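> Below you will find the structure I want to go over with you.
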DNA sequence: CTGAAAGCGCTTACAG
DNA sequence: CTGAAAGCGCTTACAG
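Here it is in C-alpha cells:
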C-alpha cells in the first residue's frame, strides 16, 4: 500500500494540488475556495486517511513544529519530570519535542545542536554545559528562539528560566544555624555550571553572614560522572574525618548516595545530624526520618519555559532577553 | 548568514552537485572520484562547516535515521532509564531517538504513531497500549521494523522484548510463603496490559500451587492515572480492613504510595509484614528496612531491543518474530 | 474562485 | 572520472 500524496488527493477530487494545499492549511476561506469544493476535498482526505508528509512540508517552509530539548541526563528524575511537563504543554500547542542528554559533555552537546539544526527544529530549550556559549550565540544569530533553563551561562545573552539557587541554598544553611548547628558540610559536584556555583555561594555567604567561618574541609566536590561506589567512599571519608552536625547535598543523586553512607555507618539523622537535599525525590519523603528538601517548582518552570518560547515563536523577532528567576521552596520534614 | 547548501559547496569546489553528494555519502571510491577532487571537496566542507540538510535527505531517501520510542510515561524511572540506555546505544550507531509518552491512552498513542509516520521515522520501539493492535499491524505491513517491549500484545505478531513477569511474580510469592506468610496481598493497577496481568497470574498461581486459597479481597486494583491521594486512601483501607502479613506491589509507584501508607499507619515492615516491590527504585534500597524488589535487567533489555532493531534495519526484510524473554531478579533486602 | 509552475536541498539512474 | 536532470511532496507567488 503506497502512502498517499497531496497529488493523489487532488486527482481524486478533480482539483489542483494548490486547492488541496490551501484546504489542508486552513487557508480555504482566505483564498475563497467554494464551500462545495472544501467539503468534497475534506471528505476524501478523511476517507483516505491522508496525512501530509511533514518532511516535505518542513523542507519547503523551513520549519518543523519540533522543539529540541537538551538536558543533562534524561534519567535524572528532575529532568525526566521537567521533560514530561514540557512535552505535555508543547503537545497541546501543536509542537513535538525531540530530547537528548548531554551527559555534561560539551562535544556531545554541540553534536546535538548540530543534529537539531540539520533537522530544522523551530526552537531550543537547553540546560547548557559550559563551553556551549558560542554555539548558543550562533543559534540566536540565526534568529532561533532559545530558552536556557536550570542553569545560566554567564557570557551569553539568552532567555533564562531557573530557580533562585543562591537564596534556596542560603535559606537551607540559615535553617541549620537556627537549629544551633555549627559544623555544616556541603556535598556538591565539581561541574562548573551556574546552578551549582550558586548553591555553593549561598552556602558560603550564609556561613559568613552568621559569623561562622568557612572551612574548605567541610566542602566535598564530587567528580561528575564518576561511579557511585567512589562517591560513596568519598562521602564516607568526609563523615569519618570531620565532625559534622548538618549537611546540605547540592543534588538529589548526591543526597541518595549520602543517605546510603549514613545508613551504612549507622549515623542517625535527627538531633545530632540535620540533612537537606537539593531537588526533591520520592526517596526523601519516604525516608525515616523524612529528609528535608529544596523543591523547585517544576510545573511553574515548565510553564514559563513554554510561554516564553511560544511568545518568541509567534512574534517573528526575538524579544529582549528575559531572566525569570523562580523561588524554590525549602520543605522541612522532621 | 545564509546556511550553505550542497550547491554552494559544488560551486566553490568547481565540481557538480553529484560529485559533492557522492563524497558526502562515502561513495567517492565506488564512483571512482579522483583523490584530488575528494581532498579538495572535503577541505571546503570542513572549512565552511557545511552540514547536509537532513530534511531534504529524508524527503529524497524516505528514511530519517530516527527511531521513534513510545513509552507509557517518560517521567517514570523505569522508562526514563530504559530511554536513556536506548538513546545511548542508538546514538553510537548513528540513530537518533524521538520519544513520547502515551499516558496509557490509545488515542494519544495513535496520534504519536501518526506523527512518527509523517516524520518518516525508520523504526519503532513501543511499550504498547491495548487497542493499538491494528496500528502496529499497519506499521509491520508497511515493512517498518517494530519492537514491542515491557509488555506484549496478544493479537499482534511482532518482535517483543520483556522480562518474565509471570515467573518473577511467582517467585516473589514463593518467597513470602517460605517465610511462613499466609495472608498475602497484591496491590496492582487496573490497566489491561500483559505485563500487569502476568504479575497477577504469577501471584494467583503461586498461592494455589502452595495450597493457599486465592482471596479477591486481598487484591487491590488501583485505577491507572488517578491522583496519588486516592491511591493512598485505597491502600489504607486495604490494610485497615484485612489481616495482611505480606504484600507484593506490582509497580514501583504503587509501592511508593504503599510505603507512605505503612509509614502513616505506623505499620512496621519486618517480621509481621513482608514487602516486595516490582521494579526497583532508589527509595527502596534507602528505606529502613530495605525493601525487597524485583529488578528487571534494564541494560540487557535495552541492548536486546537495539540489537533486534538494527538487525531488522540492515536486513531489508523483516525477520520472523522473535520473543525475547529475559528473567527478572528478586533482590531480597531484609 | 482556481491552477500551473517554481523551488526547498538533496540522491541517483543514466549518459558520456 | 564526472555532470545534467528528474523527482521526493509539499507551499506559495503569480496569473487569470
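Chains as they are written, first to last, in UniProt numbering: chain A, 1 to 334; chain B, 1 to 334.
Glycine included, each C-beta is placed from N, C-alpha and C at the ideal position.
Computed from a predicted model, the values in this text were never measured in an experiment.
#1: Taking Cβ-Cβ distances shorter than 7 Å, what residues in chain A pair up with residue 137(B)?
#2: Pop quiz: residue 295(A) and residue 255(A) are said to be a contact at Cβ under 8 Å. What is the actual Cβ separation, rounded to whole angstroms?
#3: Smallest Cα separation from residue 185(B): which of 172(B), 84(B), 191(B), 195(B)?
#4: Are the C-beta of residue 134(A) and some C-beta of chain B separated by less than 9 Å?
#5: To the nearest angstrom, how far is it from the Cα of residue 79(A) to the Cα of residue 71(A)?
#6: Identify the residues that DSSP records as bridge partners of residue 96(A): which are they?
#7: Indicate whether residue 222(B) and residue 234(B) have their beta-carbon atoms separated by less than 9 Å.
#8: Whose C-alpha, out of 201(B), 165(B), 214(B), 288(B), is nearest the C-alpha of residue 182(B)?
#9: Considering only C-alpha positions, which residue in the set 99(A), 271(A), 126(A), 32(A) is nearest to residue 301(A)?
#10: For the alpha helix (DSSP H) containing residue 197(B), name the first residue and the last one.
#11: List, in order along the chain, the chain A residues whose C-beta lies closer than 7 Å to that of residue 54(B)?
#12: Between the segment 83 to 100 of chain A and the segment 159 to 172 of chain A, can you find at least three pairs of beta-carbon atoms closer than 8 Å?
#13: Taking only beta-carbon atoms, is residue 343(B) less than 9 Å away from chain A?
#14: CA-CA distance, residue 313(A) and residue 116(B)?
#15: Check whether the Cβ of residue 46(A) lies closer than 9 Å to any Cβ atom in chain B.
#16: Closer than 8 Å between beta carbons: that is the criterion. Which residues of the segment 279 to 298 of chain B meet it against chain A?
#17: Residues of chain A with CB closer than 7 Å to the CB of residue 114(B), please, in chain order.
#18: Counting only beta-carbon separations shorter than 9 Å, does residue 38(B) have a partner in chain A?
#19: Could you tell me whether the Cβ of residue 64(B) comes closer than 9 Å to any Cβ of chain A?
#20: According to DSSP, is residue 158(B) part of a helix, a strand, or is it coil?
#21: Across which residues does DSSP place residue 11(B) in a beta bridge pair?
#22: Suppose you measure from the CA of residue 272(B) to the CA of residue 177(B); what does that come to, to the nearest Å?
#23: Nearest to residue 260(B) by CA position, among 291(B), 6(B), 86(B), is which residue?
#24: Please name the residues in the segment 87 to 100 of chain A whose beta-carbon is closer than 9 Å to at least one beta-carbon of chain B, in chain order.
#25: What does DSSP give as the partner residue(s) for residue 149(A) in the beta ladder?
#26: Residue 10(A) and residue 19(A): beta carbons closer than 9 Å?
#27: Please compile the residues from chain A whose C-beta is within a distance smaller than 8 Å of the C-beta of residue 74(B).
#28: Apart from the five residues just before and just after residue 120(B), which ones in its own chain have a Cβ nearer than 7 Å to its Cβ?
#29: For residue 8(A), decide whether its Cβ has a neighbour in chain B, counting only Cβ atoms nearer than 9 Å.
#30: With a threshold of 9 Å between beta-carbons, can residue 220(A) be considered close to chain B, or not?
#31: Comparing C-alpha positions only, which one of 48(A), 92(A), 122(A) sits nearest to residue 66(A)?
#32: Counting contacts by CB-CB distance shorter than 9 Å, is residue 236(A) in contact with chain B?
#33: For residue 270(A), I'd like the list of residues in its chain whose CB is within less than 8 Å of its CB, leaving aside the five on either flank, ordered along the chain.
#34: Round the Cβ separation of residue 153(B) and residue 133(B) to the nearest angstrom and send it over; I've been treating them as touching at under 8 Å.
#35: Only counting the same chain, and skipping five residues up and downstream in sequence, which positions put a Cβ closer than 6 Å to that of residue 207(B)?
To lay it out plainly:
#1: Near residue 137(B) there are no residues of chain A at all, since even the closest Cβ is about 12 Å away, more than 7 Å.
#2: About 13 Å; that fails the 8 Å criterion.
#3: Relative to the Cα of residue 185(B), the nearest Cα in the group 172(B), 84(B), 191(B), 195(B) belongs to 172(B).
#4: no
#5: 7 Å
#6: Per DSSP, the beta bridge partners of residue 96(A) are 66(A).
#7: yes
#8: Answer by Cα proximity: 214(B).
#9: 126(A)
#10: 194 to 209
#11: 118, 119
#12: no
#13: For residue 343(B) there is no data in the structure shown, the boundaries of chain B being 1 and 334.
#14: 23 Å
#15: no
#16: Cβ contacts with chain A come from 281, 282, 283, 285, 286, 287, 288.
#17: 51
#18: no
#19: Yes, residue 64(B) counts as interfacial toward chain A.
#20: coil
#21: According to DSSP, which records beta bridges pairwise, residue 11(B) is partnered with nothing at all.
#22: Distance from the CA atom of residue 272(B) to the CA atom of residue 177(B), rounded to whole angstroms, is 13 Å.
#23: 291(B)
#24: 87, 88, 91, 96, 97, 98, 99, 100
#25: 161(A)
#26: Their beta carbons are under 9 Å apart, which means residue 10(A) touches residue 19(A) by this criterion.
#27: Contact note: residue 74(B) reaches chain A through 74, 80, 83, 84, 87, using a C-beta cutoff of 8 Å and chain order.
#28: The beta carbon of residue 120(B) sits closer than 7 Å to the beta carbons of 58, 62, 63, 64 from its chain, once the five residues preceding and following it are set aside; these are given in chain order.
#29: no
#30: For residue 220(A), the closest Cβ of chain B is not nearer than 9 Å.
#31: Checked all of 48(A), 92(A), 122(A); the closest Cα to residue 66(A) is 122(A).
#32: No, no contact with chain B.
#33: Around residue 270(A): 289, 334.
#34: 6 Å
#35: 214
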